[in-house]
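Those protein sequence lines, which keep their order, are chains A and B.
Each residue of the first sequence is one higher than the one before, counting from 701 in the numbering used here.
Each residue of the second sequence is one higher than the one before, counting from 701 in the numbering used here.
Ideal Cβ placement from N, Cα and C applies to all residues, glycine included.
Nothing here was measured: the structure is a model prediction, and the numbers come from that model.
Reviewing the structure listed below.
There are 2 protein chains.
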Amino acid sequence: MTPNAGTAQASPSQTLSRGIRALEILAEAQQPLTIAELADAMGVHRSVAYRILRTLEDHSLLVRDDGGRVQPGPGLAVLARGVSRNLQTAALPELTLLANTLTMSAFVAVWDREECVTLVTVDPRHSGAAVVQHPGSRHPISAGAPGIAIQSAFPEQEWRALVPGIPYRSEAAEARHRGYAASHDEVIPGVSSIAVPLRVPGGRPAALAVVYIRAAQDPDEVAAALTEAARRIEAQLG
Amino acid sequence: MTPNAGTAQASPSQTLSRGIRALEILAEAQQPLTIAELADAMGVHRSVAYRILRTLEDHSLLVRDDGGRVQPGPGLAVLARGVSRNLQTAALPELTLLANTLTMSAFVAVWDREECVTLVTVDPRHSGAAVVQHPGSRHPISAGAPGIAIQSAFPEQEWRALVPGIPYRSEAAEARHRGYAASHDEVIPGVSSIAVPLRVPGGRPAALAVVYIRAAQDPDEVAAALTEAARRIEAQLG
DNA sequence: AACTGTTTGTTCGATTATAGAACACAATTG
DNA sequence: CAATTGTGTTCTATAATCGAACAAACAGTT
Chain A
701 MTPNAGTAQA SPSQTLSRGI RALEILAEAQ QPLTIAELAD AMGVHRSVAY
751 RILRTLEDHS LLVRDDGGRV QPGPGLAVLA RGVSRNLQTA ALPELTLLAN
801 TLTMSAFVAV WDREECVTLV TVDPRHSGAA VVQHPGSRHP ISAGAPGIAI
851 QSAFPEQEWR ALVPGIPYRS EAAEARHRGY AASHDEVIPG VSSIAVPLRV
901 PGGRPAALAV VYIRAAQDPD EVAAALTEAA RRIEAQLG
Chain B
701 MTPNAGTAQA SPSQTLSRGI RALEILAEAQ QPLTIAELAD AMGVHRSVAY
751 RILRTLEDHS LLVRDDGGRV QPGPGLAVLA RGVSRNLQTA ALPELTLLAN
801 TLTMSAFVAV WDREECVTLV TVDPRHSGAA VVQHPGSRHP ISAGAPGIAI
851 QSAFPEQEWR ALVPGIPYRS EAAEARHRGY AASHDEVIPG VSSIAVPLRV
901 PGGRPAALAV VYIRAAQDPD EVAAALTEAA RRIEAQLG
């Protein structure tokens, strides 16, 4: 009987893996869960879940409402603060500028295996359009302009070697010599996106992107603004 | 030799606690760390740190740069997405409105033991003033307008019973019947803040606040805008 | 109302799997 | 070459697990 037989991840330390799994389940569930529900979702005994939860609670990674139900805690926000902190601080003013001049939601997404994760978002001042991207939201790397832009930072050869599982989208090659990626109706119906690659030394490949319903500007102009902003961000990060 | 003798937290599951501790250290360190540095900071053997880090890496809670140094990973952003998600989504448009009409940075902070943690922030469009609050930043509950506002949601008696360790600030009583809290030079020299309490059903007590260098408006007017916004947020969350 | 059955939160102790330390070797970097 | 780091061993003490048991809240029934 190998260790970690039942768990999805075959990580060396089971308890840590389970604790993280609990947080993932909680983040995914849009509502507070009882301990029994969470133990069930984790596939462990209630007592096991209970002990894990208490540890997480000690670190404020998890809080409990009046009914005893558990939900993600403020400690997670503190930990997330450190994620690409340099990139976040450098990108924020540029995102604000982009959002307001283009009247589009602007955001930075970073590459994470077969997904890309939205890090920071800024909505335009006159937010007639609803927010479509939230920090922490994920999309497949193969769907949407940000993912294509990230792919386009690599030649096809290198990409294939780097991540064998994920095909290199043909649009990436196109985006590579054009300098930006565009998508329509891919992630969210009716929503389009334009993105440019963003490379920071020592950090994951990322993308600078905007989303919009109907473009008031020429895509090339938008892309030019994005490229300019990306250049400034990269320059600031040395 | 009792278990968990050396660790700060006496949590039931040591490994999970250490894994979280590693993330906390990484979030606090403003730069990537080598495994040896991190193991040293954790006070454990390198091999121990190594196994923990590999587990964290499996979940994208931690990534490694080219030199093998570790830093917080995108998975944390995903987990943090779930923290008071309802509050975040409900507050965001109101924060944008406040930031732009008052030309101040607006944010929501939630109570976490002896601290309050900034959740969402929105900077004004013309961000002449630098960002002073970032999501995930923490301050003592006893310092600054947000903390006082959170205290002011409770009568002094109840507060003392709730958190024996932390004194009830006299300003909280004042803020309680005035409806808002104000602070100057407390957290950051030269920066002032105005905050109102924010209560959401099933969630932690929180505060809606703005920070500014020099106020162009009357504090009472600012507070009125905050109160209005808080009322709308609370109404939306039912 | 009292009684009973059910569900949930919590605790406890014995068993066993698991983490931890030390060692060794490869791969790097200066 | 030396020093640091990545990676894998092995073995034993320890910490996590499991299951059961206790406590408390709640619903239904007589």
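Distance CB(residue i)-CB(residue j) smaller than 7 Å
{"i": "Gly719(B)", "j": "Leu756(B)", "result": "yes"}
{"i": "Val922(A)", "j": "Val891(A)", "result": "no"}
{"i": "Val822(B)", "j": "Thr796(B)", "result": "yes"}
{"i": "Ala925(B)", "j": "Ala909(B)", "result": "no"}
{"i": "Leu960(A)", "j": "Val810(A)", "result": "Shown here, chain A extends from 701 to 938; a query on residue 960(A) therefore has no answer."}
{"i": "Val817(A)", "j": "Arg838(A)", "result": "yes"}
{"i": "Tyr868(B)", "j": "Glu856(B)", "result": "yes"}
{"i": "Ser784(A)", "j": "Gly773(A)", "result": "no"}
{"i": "Ala845(A)", "j": "Ala881(A)", "result": "yes"}
{"i": "Arg769(A)", "j": "Leu733(A)", "result": "yes"}
{"i": "Cys749(B)", "j": "Leu738(B)", "result": "According to the sequence shown, residue 749(B) is Ala rather than Cys. Result yes, Cβ atoms of Ala749(B) and Leu738(B) sit closer than 7 Å."}
{"i": "Ile888(A)", "j": "Glu794(A)", "result": "no"}
{"i": "Ala780(A)", "j": "Leu792(B)", "result": "no"}
{"i": "Ile752(B)", "j": "Ala741(B)", "result": "no"}
{"i": "Arg825(A)", "j": "Arg746(B)", "result": "no"}
Strand pairing of residue i, partner residues [DSSP]
{"i": "Pro840(B)", "result": "Glu815(B)"}
{"i": "Ile894(A)", "result": "Ala882(A), Val910(A)"}
{"i": "Leu716(B)", "result": "Partner(s): none; Leu716(B) has no beta bridge."}
{"i": "Leu937(B)", "result": "Looking at the DSSP assignment, Leu937(B) forms no beta bridge with any residue, so it has no partner."}
{"i": "Val808(A)", "result": "Val820(A), Leu908(A)"}
Residue i versus residue j - alpha carbon distance
{"i": "Leu716(A)", "j": "Ile848(A)", "result": "33 Å"}
{"i": "Met701(B)", "j": "Gln714(B)", "result": "At Met701(B) the pLDDT is 32, less than 50, meaning the model places this residue with poor confidence; the figure from the coordinates comes in the next sentence. The alpha-carbon atoms of Met701(B) and Gln714(B) are separated by roughly 15 Å."}
{"i": "Gln851(B)", "j": "Gln730(A)", "result": "28 Å"}
{"i": "Asp765(B)", "j": "Pro919(B)", "result": "47 Å"}
{"i": "Ala929(A)", "j": "Ala906(A)", "result": "13 Å"}
{"i": "Gly938(B)", "j": "Ala790(B)", "result": "11 Å"}
{"i": "Arg860(B)", "j": "Ser842(B)", "result": "13 Å"}
{"i": "Gly782(A)", "j": "Gly743(B)", "result": "21 Å"}
{"i": "Arg914(A)", "j": "Ala799(A)", "result": "14 Å"}
{"i": "Gly836(A)", "j": "Glu814(A)", "result": "15 Å"}
{"i": "Arg754(B)", "j": "Leu898(A)", "result": "27 Å"}
{"i": "Val900(A)", "j": "Leu787(A)", "result": "8 Å"}
{"i": "Gln771(B)", "j": "Ser883(B)", "result": "35 Å"}
{"i": "Gly879(A)", "j": "Gly902(A)", "result": "22 Å"}
{"i": "Phe854(A)", "j": "Glu874(A)", "result": "12 Å"}
{"i": "Thr801(A)", "j": "Pro864(B)", "result": "50 Å"}
{"i": "Ser870(B)", "j": "Thr927(B)", "result": "21 Å"}
{"i": "Ser805(B)", "j": "Pro712(A)", "result": "44 Å"}
{"i": "Gln936(B)", "j": "Asp885(B)", "result": "33 Å"}
{"i": "Pro840(B)", "j": "Ala736(A)", "result": "34 Å"}
{"i": "Ser893(A)", "j": "Leu862(A)", "result": "25 Å"}
{"i": "Arg876(B)", "j": "Val778(B)", "result": "36 Å"}
{"i": "Arg904(B)", "j": "Ile866(B)", "result": "17 Å"}
Span of the alpha helix (DSSP H) around residue i
{"i": "Leu733(A)", "result": "First-last for Leu733(A): undefined, no H or E at that position."}
{"i": "Ile848(B)", "result": "845-851"}
{"i": "Arg860(A)", "result": "856-862"}
Q) Residue ranges of each beta strand (DSSP E) run of no fewer than 3 residues wholly in the stretch 740-792 of chain A, ordered along the chain? A) Fully enclosed beta strand (DSSP E) runs of 3 or longer: 762-764, 770-772.
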